[in-house]
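Read the structure below first, then the notes.
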Amino acid sequence: AQSVTQLGSHVSVSEGALVLLRCNYSSSVPPYLFWYVQYPNQGLQLLLKYTTGATLVKGINGFEAEFKKSETSFHLTKPSAHMSDAAEYFCAVRMNAGNNRKLIWGLGTSLAVNP
Amino acid sequence: DTAVSQTPKYLVTQMGNDKSIKCEQNLGHDTMYWYKQDSKKFLKIMFSYNNKELIINETVPNRFSPKSPDKAHLNLHINSLELGDSAVYFCASRHRATNTGELFFGEGSRLTVL
Chain H
1 AQSVTQLGSH VSVSEGALVL LRCNYSSSVP PYLFWYVQYP NQGLQLLLKY TTGATLVKGI
61 NGFEAEFKKS ETSFHLTKPS AHMSDAAEYF CAVRMNAGNN RKLIWGLGTS LAVNP
Chain E
116 DTAVSQTPKY LVTQMGNDKS IKCEQNLGHD TMYWYKQDSK KFLKIMFSYN NKELIINETV
176 PNRFSPKSPD KAHLNLHINS LELGDSAVYF CASRHRATNT GELFFGEGSR LTVL
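Residue numbers (my numbering), protein chains in the order written: chain H, 1 to 115; chain E, 116 to 229.
Structural data, given as structure tokens:
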């Protein structure tokens, strides 16, 4: 069965520091991978996604993520945090084959950015 | 124009009441969802409709009844509200045929049951 693990429910960084949010998945086949962001009192929006091709994916607001099949990981990074990056971040996976193509969500990581 | 719009945004009501939340999308998508997000931000899928047909019905109390009058609308009616129903309910949509397709979310409807 598929699952998604986000290591660290809360991450705190200083403004200008590197952001690293971890996501590991378990799946019998390489899935489609997504990162969503939820700003306070808003709905979720897509940051970036991996489907096929280049394993380093660039998204909005300077974020990027790398699909590492050998590590079953899809960690989200940003070189320099900005105050406006404070939000909840969700990793999600979807099977790209078979009958069950439900989107499986991680529990989320709350990112705090300190001045 | 808002892509996925939900009404109302806030809803405060007493236990035992019945309430509805409405959702509309103008993206031309064929699949719509209801998610529940609890106080710990955990996202749980409740229902999904594809072209007005129910395709996902997770373990949700019978008090929750979705209705899709057309593929652009998905409403959620909740009977006999309980304290544990307090949460933020999100509507989302996408093109089902596009497995890689992203979900587009509404801004959420915060339900508080007193």
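Just so it is clear, CB atoms sit at the ideal spot from N, CA and C, and this is done for glycine as well.
Check your understanding: Do you know whose CA, among Lys49(H), Leu18(H) and Ile60(H), lies nearest Val113(H)'s CA?
Key -> Within the first sequence, the letter at position 113 stands for residue 113(H). Comparing Cα positions, the closest option is Leu18(H).
**Study point:** Backbone CA spacing between Val119(E) and Phe74(H) [nearest angstrom]
**Key:** Stepping through the second sequence from its first residue, residue 119(E) is reached at position 4. Stepping through the first sequence from its first residue, residue 74(H) is reached at position 74. Distance from the CA atom of Val119(E) to the CA atom of Phe74(H), rounded to whole angstroms, is 28 Å.
**Study point:** Start and end residues, beta strand (DSSP E) containing Thr51(H)
**Key:** What you label residue 51(H) is simply residue 51 of the first sequence in a count that begins at 1. Where Thr51(H) is concerned, there is no enclosing beta strand (DSSP E), given that its DSSP letter is neither H nor E.
Check your understanding: Leaving out the 5 sequence neighbours to the left and right, which residues in its chain are closer than 7 Å to Phe179(E) when beta-carbon positions are compared?
Key -> Position 64 of the second sequence, counting from 1, holds the residue named residue 179(E). Excluding positions up to five away in sequence, the list reads Met161, Leu191 and Ile193.
Review point. Which residue from Lys137(E), Ala187(E) and Glu197(E) puts its Cα closest to that of Asn177(E)?
Key: Counted from its first residue, the second sequence places residue 177(E) at position 62. Of the listed residues, the one whose Cα sits closest to Asn177(E) is Glu197(E).
Check your understanding: Of all the CB atoms in chain H, is at least one closer than 7 Å to the CB of Lys156(E)?
Key -> In the second sequence, counting from the first residue as 1, residue 156(E) sits at position 41. Yes, its Cβ sits closer than 7 Å to a Cβ of chain H.
Review point. Nearest to Asp85(H) by CA position, among Phe67(H), Met95(H), Ser70(H) and Gly62(H), is which residue?
Key: Locating residue 85(H) in the first sequence gives position 85, where the first residue counts as 1. Among Phe67(H), Met95(H), Ser70(H) and Gly62(H), the Cα nearest to that of Asp85(H) is on Gly62(H).
Check your understanding: Among Leu111(H), Ser80(H), Ala87(H) and Gln45(H), which one has its Cα closest to the Cα of Gly216(E)?
Key -> Translated into positions along the second sequence, residue 216(E) becomes position 101. Looking at the Cα atoms, Gln45(H) is the closest of the given residues.
Exercise for review: Enumerate in chain order the residues of its own chain whose CB-to-CB distance from Ser64(H) is below 8 Å, with the five nearest sequence positions on each side excluded.
Suggested key: Translated into the one-based positions of the first sequence, residue 64(H) becomes position 64. Before going on, a small fix: residue 64(H) reads as Glu here, not Ser. Excluding positions up to five away in sequence, the list reads Leu48, Leu56, Val57, Lys58, Leu76, Thr77 and Lys78.
**Study point:** Min CB distance Gln2(H) to chain E below 7 Å
**Key:** By 1-based counting over the first sequence, the position of residue 2(H) is 2. No Cβ of chain E is located within less than 7 Å of the beta carbon of Gln2(H).
Check your understanding: Thinking C-beta only, is Ser201(E) closer than 7 Å to Thr227(E)?
Key -> Residue mapping note: residue 227(E) aligns to position 112 of the second sequence, counting from 1. Residue mapping note: residue 201(E) aligns to position 86 of the second sequence, counting from 1. Taking 7 Å as the Cβ cut-off, Thr227(E) and Ser201(E) qualify as a contacting pair.
Review point. Which chain E residues are close to Phe34(H), counting only those with a beta carbon under 8 Å from its beta carbon?
Key: Looking up residue 34(H) in the first sequence gives position 34. Within chain E, the residues near Phe34(H) are Glu217.
Check your understanding: Taking 7 Å as the CB-CB limit, is Glu139(E) close to chain H?
Key -> To locate residue 139(E), count along the second sequence from 1; it is residue 24. No, because no Cβ of chain H sits closer than 7 Å to the Cβ of Glu139(E).
Point to revise | Contact list for the region 50-77 of chain H against chain E, Cβ threshold 7 Å | key: Thr51
Check your understanding: Within 10 angstroms of its Cβ, does Glu168(E) collect 16 or more other Cβ (buried), or is it exposed?
Key -> Counting from 1 along the second sequence, the entry for residue 168(E) is found at position 53. Exposed, because fewer than 16 other Cβ atoms sit within 10 Å of the Cβ of Glu168(E).
Practice item. Identify which residue in Asn172(E), Lys156(E), Met130(E) and Asp145(E) has its Cα closest to the Cα of Arg209(E). Key: Counting from one through the second sequence, the residue named residue 209(E) turns up at place 94. Checking every option, the nearest Cα to that of Arg209(E) belongs to Asp145(E).
**Study point:** Neighbourhood of Ser110(H) by C-beta, 6 Å cutoff - its chain only, sequence neighbours within 5 removed
**Key:** Counted from its first residue, the first sequence places residue 110(H) at position 110. For Ser110(H), where only same-chain residues beyond five positions count, the Cβ hits under 6 Å are His10 and Glu88.
Practice item. Return the first residue and the last residue of the beta strand (DSSP E) that Ile193(E) is part of. Key: Mapped onto the second sequence, residue 193(E) falls at position 78. Element bounds for Ile193(E): His188 to Ile193.
Practice item. Can you check DSSP and say which residues form a bridge with Glu64(H)? Key: One-based indexing of the first sequence puts residue 64(H) at position 64. Beta-bridge pairing links Glu64(H) to Lys58(H) and Thr77(H).
Point to revise | Collapsed DSSP secondary structure at Ser154(E) in the structure displayed | key: Position 39 of the second sequence, counted from the start, is the residue given in the question as residue 154(E). Reduced to three states, the DSSP call for Ser154(E) is coil.
Practice item. Return no unless some Cβ of chain E is closer than 7 Å to the Cβ of Gly8(H). Key: Numbered from 1 along the first sequence, position 8 holds the residue referred to as residue 8(H). No, its Cβ sits nowhere closer than 7 Å to a Cβ of chain E.
Check your understanding: Name the chain E residues whose beta carbon is nearer than 8 Å to that of Gly108(H)?
Key -> By one-based count along the first sequence, residue 108(H) stands at place 108. Chain E residues near Gly108(H): Lys156, Phe157 and Leu158.
Practice item. Step through the CB atoms of chain E and report whether any lies within less than 7 Å of the CB of Leu44(H). Key: Here residue 44(H) refers to the residue found at position 44 of the first sequence. Yes, its Cβ sits closer than 7 Å to a Cβ of chain E.
Review point. According to the neighbour-count rule (16 or more other Cβ atoms, all chains shown, within 10 Å of its Cβ), is Ser183(E) buried or exposed?
Key: Taking the first residue of the second sequence as 1, we reach residue 183(E) at position 68. Buried, because 16 or more other Cβ atoms sit within 10 Å of the Cβ of Ser183(E).
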